[in-house]
Every structure is written in structure tokens, then in C-alpha cells.
Amino acid sequence: MTLTEICMIRHGETNWNKEKRIQGKTDIPLNETGKSQARACCEAAKNFEPTVFITSPLARAKTTAEIINQHVGLPLHEMKLFVERSYGDAEGMTIEDRNRYFPDRDNIPNVETLDALKARGMKGLEEVCEKYPGERVLIVSHGALINALLSVISNGELGTGVTFLENTSITKFACENGEWRVIDYNNTDHLTMVNE
């Protein structure tokens, strides 16, 4: 029986998060609050005792991972399967504008479908499980992707359309003999000092 544990951290805040703009695959850097959130996350990440560290290649995730890695000290691997969902022509819009111009969210031109996002995210987790069986894997990724995984693994009880994930929130999954389960989600205990 091999147990692989996954700790996923949503990246820190960007100016577009603050402005409620849709980022998707648009590469927006962390702002100062985002860097503070990443620093606040270091202890929780270290306490997970990771043996492998993976990040989305987008700057907001990679910078979050680099800040955390100052305390974790592992080789940092980029994995494109963990990039954010593409929101197509809605990227850069505020949520208000997106709702006005694209009231049917499923029909935004050039958007990555939710099914495609779920499949891509699960493919990423399966690859991690195959490559690092029995390891404790830390992954810095994005809200829509982590929510899609929560949705798949919880059979829709959590995740997309149900759960909002805070910046640098921690979500944990475990895989044992091919069976996935949610251990924790949207944990922000480490952010109390940043938010005060």
C-alpha cells in the first residue's frame, strides 16, 4: 500500500486578483501582499515535510514557490499541467465585465472547458503519483485548477462552483492504491497575521 500525499498551495495575490480581473494564463506577477502571503505560508509548507516540490511555470505561482523554497530547500520542478485555466477572450476583464459580455461562461471564445481543465489537472496528479509514489509532494498552482481537482476528487461536494480558494490557501489530497481523497481544503490558518 503506497500513500502519496499532495499539498497544493494557491499562489499569492496579484494586482489583478485585487482588482477582481480574470487572469487565466495571462502571466501577472505577485504584488507585495502576495509576497507577504507566500512568506506567511513557509512554516506550514515546511511542516508538511515535502520530499518533492513542483510549481506552475506562471510567474505568480513560481515566485510564490521560490519564496516558500527559501525555507523548504528542494529542487523546484515546473509542470505545465498545473498552469491556470485559460479563460480565453475574458482574460484581463473584471468579473463584472465578463458577466456583461459573456453571460454564458461556458461559451467564452477560446476558453478551456471545465471538463478539459479537470482532465488536465487529474492527469497532472496521476503523473505525480506515478513518478513520486510514497512521496510528500508540494505543488504551487492556481485557484481554478485546484478547485477543479477538488470537484473531481470530492464528486462535486467541493470545488468549482462551491468553494472559493483564498490566495496561498492550502489544500491537501492523498492517493492510496489509485484512490484519491481530500484531506483538507482552503486552509488559511497561516494568514492570520497577514490579514490583521
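Number 189 marks the last residue of the sequence shown (my numbering); no jumps. From the three backbone atoms N, C-alpha and C, an ideal C-beta is built for every residue, glycine too. Source: prediction; values computed, not measured.
Residue i to residue j span [Cα, whole Å]
i, j, result
"Thr87", "Ile139", "21 Å"
"Ile(-1)", "Thr164", "8 Å"
"Phe46", "Pro68", "7 Å"
"Cys35", "Lys28", "11 Å"
"Phe95", "Gly81", "11 Å"
"Glu120", "Arg93", "38 Å"
"Asp97", "Arg78", "17 Å"
"Thr185", "Cys122", "32 Å"
"Gly65", "Glu12", "The sequence given here has Val at residue 65, not Gly. Taking the straight line joining both Cα atoms gives about 31 Å."
"Asn103", "Met115", "21 Å"
Candidates the options, of which the one nearest residue i by Cα
i, options, result
"Glu71", "Ile15, Asp82, Thr56 and Tyr80", "Thr56"
"Ala33", "Ala58, Arg14, Glu120 and Asp90", "Ala58"
"Arg174", "Lys124, Ala37, Leu142 and Ile60", "Leu142"
"Met210", "Glu84, Glu172 and Ala54", "What is shown of the chain runs -6 to 189, which leaves residue 210 out entirely."
"Arg14", "Ile60, Ile146 and Ala83", "Ala83"
Residue i, buried or exposed, once every other Cβ within 10 Å from all chains shown has been counted against 16
i, result
"Gly17", "buried"
"Thr161", "buried"
"Gly216", "This structure cannot speak to residue 216, because the chain is shown only from -6 to 189."
"Ala31", "buried"
"Ala109", "exposed"
Same chain, Cβ closer than 8 Å to residue i, five either side skipped, listed in chain order
i, result
"Ser144", "Lys111, Leu151, Gly152, Thr153, Gly154 and Val155"
"Gln63", "Cys35"
"Thr106", "Asp99"
"Ile176", "Glu(-2), Lys165, Phe166 and Ala167"
"Thr(-5)", "Pro126, Gly127, Glu169 and Asn170"
Contacts around residue i, its chain only, beta-carbon distance under 6 Å, and the 5 residues preceding and following it disregarded
i, result
"Thr26", "Glu6"
"Arg113", "Leu74"
"Asn8", "Asn24"
Same chain, Cβ closer than 7 Å to residue i, neighbours up to 5 away in sequence not counted
i, result
"Asn10", "Asn160"
"His183", "Ala33, Cys34, Glu36 and Ala37"
"Tyr178", "Leu143, Leu151, Thr156 and Thr164"
Answer yes if the stretch 113 to 130 comes into contact with the stretch 34 to 48, meaning at least three C-beta pairs across the two stretches below 8 Å, and no otherwise. yes
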